[in-house]
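>
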Amino acid sequence: LPGIYSLSPYSPEEQCSRDYLMSGEPDVIVQVVDATNLERNLYLALQVIETGLPVVVALNMADLVEKNGDKIDTDKLSKKLGCPVMMISALKNKGIKELFEQVKKSAASKGQ
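The sequence shown begins at 76 in the working numbering and counts up one residue at a time.
Laid out in structure tokens, this is it:
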């Protein structure tokens, strides 16, 4: 659900997104996060994780993070968030296959 930064319904888009997420029981939610601005973009991820729904966080723009000389410890972040965290680059098609594998694994383990 693109274009939202919070599950707090401050806009019609956020209300619609929140209602959609909370109305069903998804197998897994893939939360795509701009890896170049984690501070701003992890807020929504934390809110989604707090719902108790199964989440995989995909840190997009891995190519820019690497280009800027930055590093993100996905294992440490995964432990802090309590869900899988994957680095991807949609533009470069990097990490997409691994993301799909993790989504399948997370969906299969739902309810176990």
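Using N, Cα and C, we set each Cβ at its ideal position, and we do this for glycine too.
In this text the structure is predicted, and so the values were computed from the model without any measurement.
Taking contact to mean 3 or more Cβ pairs, one atom from each stretch, closer than 8 Å, check whether the region 150 to 163 and the region 85 to 97 are in contact.
With a cut-off of 8 Å, the region 85 to 97 and the region 150 to 163 do not count as touching, because too few Cβ pairs lie within range.
> Between the Cα of Gly-170 and those of Val-107, Leu-96 and Asp-102, spot the shortest distance and give me the residue it belongs to.
Checked all of Val-107, Leu-96 and Asp-102; the closest Cα to Gly-170 is Val-107.
> Just the C-alpha distance for Pro-129 and Met-136, rounded to the nearest angstrom, thanks.
So the two alpha carbons sit approximately 23 Å from each other.
> Output the distance between the C-alpha atoms of Met-99 and Ile-124, rounded to the nearest integer angstrom.
The displayed chain sequence assigns Gly, not Met, to residue 99. Rounded to whole angstroms, Gly-99 to Ile-124 spans 15 Å at the Cα level.
> Between the beta-carbon of Val-160 and the beta-carbon of Val-103, is there less than 8 Å?
The answer is no: Cβ separation not under 8 Å.
> Let me confirm a value: Ala-110 is counted as buried when at least 16 other C-beta atoms fall within 10 Å, else exposed. Which label applies?
Its Cβ being crowded by 16 or more others within 10 Å, Ala-110 is buried.
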